[in-house]
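In the numbering used here, the protein residues as written are 3 to 116. Virtual Cβ for every residue (Gly too), placed ideally from N, Cα, C.
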């Protein structure tokens, strides 16, 4: 059996399982489902991993890695904070399974005077 033959499938599987587990942990901790971390794992994490593969030899790749880590943390903090406040201040209109999965920050429009 060739080791290189199934390597992309194995990497895809590991990224997917890791993203699902991390998202599940955050959903349990925060009490709501907001798939930002899943999207960052699956889109940017896999994209960089498959594009760069084993060409990360120079110091520029180290700078790119640290920059993406810092920017990713900022994006995660901002988006999860926005969703947390939307969960606190915008109650569900129709409690359904779809409403529980849909991010409330996308449809929450609170009046400034209230």
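- When only Cα atoms are considered, residue 109 and residue 100 end up about 13 Å apart.
- Around the CB of residue 91, fewer than 16 other CB atoms lie within 10 Å, so the residue is classed as exposed.
- Each residue's CA atom was taken as its position, placing residue 61 and residue 67 some 10 Å apart.
- Separation of the CB atoms of residue 44 and residue 12 is rounded to 16 Å, and the pair is thereby denied contact status at 8 Å.
- For a cut-off of 8 Å, the C-beta gap from residue 36 to residue 105 is around 5 Å, short enough to register as a contact.
- Residue burial annotation: residue 32 is exposed, with fewer than 16 other C-beta atoms found within 10 angstroms of its C-beta.
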